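When we follow full-length UniProt numbering, the leftmost residue of the sequence shown carries the number 1, and every step to the right adds one.
Idealized CB from N, CA, C, for every residue including glycine.
Since we're looking at a predicted model, the values are computed, not measured.
Everything on this sheet refers to the single structure shown next.
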Amino acid sequence: MGVRQLLARCAVRRAHVLTVEAPGRWLVRAEVERAVRARGWCLATSPADADVLAVCGTPGPELARAVERVWDQLPGPRVRVELRAPKAVASGLDRALVELVDTDGHRRDACARAHFSEMSDEHGHAGRHDEKMHGGMDHGAHHDSDHGAGRAPAGIALAEGGEDRDGLEMDVLHLRLGPVLCHWPAGLVLRCALHGDVLVDAQAWLVDDNSQDAMPGSRDGDNAALLAARQCDHACDLLMLAGWPWAAATARQARDALMNRPTQDRGRRLIDHLHRRLGRSPMLRWSLRDLASLTVEDCNELQLPAWLAGDCYDRLLTRVDMARRLLWDPSAPRHFHAASAEVVAALPGLVSGLDLATARLVIASLGVDPAGGDIGGQDG
Numbered sequence: 001m002g003v004r005q006l007l008a009r010c011a012v013r014r015a016h017v018l019t020v021e022a023p024g025r026w027l028v029r030a031e032v033e034r035a036v037r038a039r040g041w042c043l044a045t046s047p048a049d050a051d052v053l054a055v056c057g058t059p060g061p062e063l064a065r066a067v068e069r070v071w072d073q074l075p076g077p078r079v080r081v082e083l084r085a086p087k088a089v090a091s092g093l094d095r096a097l098v099e100l101v102d103t104d105g106h107r108r109d110a111c112a113r114a115h116f117s118e119m120s121d122e123h124g125h126a127g128r129h130d131e132k133m134h135g136g137m138d139h140g141a142h143h144d145s146d147h148g149a150g151r152a153p154a155g156i157a158l159a160e161g162g163e164d165r166d167g168l169e170m171d172v173l174h175l176r177l178g179p180v181l182c183h184w185p186a187g188l189v190l191r192c193a194l195h196g197d198v199l200v201d202a203q204a205w206l207v208d209d210n211s212q213d214a215m216p217g218s219r220d221g222d223n224a225a226l227l228a229a230r231q232c233d234h235a236c237d238l239l240m241l242a243g244w245p246w247a248a249a250t251a252r253q254a255r256d257a258l259m260n261r262p263t264q265d266r267g268r269r270l271i272d273h274l275h276r277r278l279g280r281s282p283m284l285r286w287s288l289r290d291l292a293s294l295t296v297e298d299c300n301e302l303q304l305p306a307w308l309a310g311d312c313y314d315r316l317l318t319r320v321d322m323a324r325r326l327l328w329d330p331s332a333p334r335h336f337h338a339a340s341a342e343v344v345a346a347l348p349g350l351v352s353g354l355d356l357a358t359a360r361l362v363i364a365s366l367g368v369d370p371a372g373g374d375i376g377g378q379d380g
């Protein structure tokens, strides 16, 4: 074994995996997260931090384009695996491990990326040469093509000037969040402008909204344990964004336990423990209190279910309590979910005027679920 191969084998012991979830395939993504931790690997928070890109489910056309952009941002050595169902996760990660130590393959990938970059540079120089030949271009067109490019080096948008409510100039940055983002609803895109740190002019939509097919096994509404696991999954996202990793870890452990029948009793105990700890935490209550408060009348006007009433803290407790009821009360309603179309339609009004971090807390508290709360991704 050569030195390079030895170093590669040492490096992959702590491989970083970035997950991309196709709408409705949360079970696949949850199984990837569980398997990654079981192997001693790490979950990446951004493309720059990732060695492996794990695509969970089959993305639609729009999400597939976003996946390609994310793939281009991964530094080498890099590996990409397509995981269609939870049963495919173990073999997919095994395959990723084999490919990560393939130094010859990574060398070929690096050469191909370098060649593509050189070709892009040549086309860019040719484009600039052609621009010099178009002296008859009017000033407006010249401003859009040349000066606009100067404001966005390497395609990265820079802040522009804008007026605030007092007529003073301030920075305005146009921003697009999603659909690939850590602790973010699958397929959701939020386009907005940032006036300083305040979010305005928000627009929200789900990618491939008209092309989502019904997932095999996604109508098993009687599986209370998996529905409760989904509520724990939503709670985990909110708790991580709120900076409560210990509580998020408990929610994640409960989710993982509920996904496997032999450990569901442990999942029940973890949810009870989590509910007690959250209810007794004044700091968490202070962190989430009065964020995007909704009355029952507001919910009716926005066509949202009444259980979303309250602030982020209330919605968190309600969600964990719903998971408890699903497990302990056989007569509890089986469909604790809000239609994704109504939640997405309400988002711009709920996040406008908030700072970016608070807006992410609000979105996580609403639990946007493109699959409508069904149990997606069991088969495939």
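Item                                                                                                                                  : Value
Bounding residues of the beta strand (DSSP E) (the contiguous stretch that carries alanine 204)                                       : 198-206
Distance between leucine 6 and aspartate 208 (C-alpha atoms, nearest Å)                                                               : 43 angstroms
Alpha carbon of arginine 261 to alpha carbon of alanine 88, nearest angstrom                                                          : 19 angstroms
DSSP beta-bridge partners of glycine 57                                                                                               : Answer is none; glycine 57 lacks a bridge partner.
Where cysteine 236 sits in the DSSP three-state scheme                                                                                : helix
Residues that DSSP places opposite histidine 192 in a beta bridge                                                                     : According to the sequence provided, residue 192 is cysteine. The question's histidine does not apply to it. DSSP output for cysteine 192 lists Leu175 as bridge partner(s).
Alpha helix (DSSP H) segment containing leucine 291, residue limits                                                                   : From DSSP, leucine 291 is part of no alpha helix (DSSP H); its letter is neither H nor E.
At least three beta-carbon pairs within less than 8 angstroms, the region 251-261 to the region 270-285                               : yes
Among Ala85, Asp49 and Cys312, nearest to glutamate 21 - alpha-carbon criterion                                                       : Ala85
Neighbourhood of arginine 191 by C-beta distance below 6 angstroms, restricted to the same chain and skipping five residues each side : Arg176 and Gln203
DSSP-derived helix/strand/coil call for histidine 16                                                                                  : strand
Whole-angstrom distance between glutamate 301 and glutamate 342, CA atom to CA atom                                                   : 11 angstroms
CB contact flag (leucine 284, tryptophan 244, <8 angstroms)                                                                           : yes
Valine 368 versus proline 185 - alpha carbon distance                                                                                 : 6 angstroms
Opposing strand residues paired with leucine 278 [DSSP bridges]                                                                       : None, per the DSSP bridge assignment.
Endpoints, the alpha helix (DSSP H) within which leucine 27 is located                                                                : 26-38
For valine 67 and glycine 196, the rounded distance between their alpha carbons                                                       : 29 angstroms
Cβ shell of glutamate 62 (< 7 angstroms), same chain only, five flanking positions each side left out                                 : Val207 and Asp208
Leucine 181: first and last residue of the uninterrupted alpha helix (DSSP H) it sits in                                              : Premise fails: leucine 181 is in no alpha helix (DSSP H) and is neither H nor E.
Distance CB(glycine 40)-CB(arginine 14) smaller than 8 angstroms                                                                      : yes
Proximity below 8 angstroms, CB of serine 293 to CB of glycine 279                                                                    : no
Rounded C-alpha distance that separates methionine 64 from tryptophan 26                                                              : First, the residue type needs correcting, since residue 64 is alanine and not methionine in the sequence shown. When rounded, the distance between both Cα atoms is 17 angstroms.
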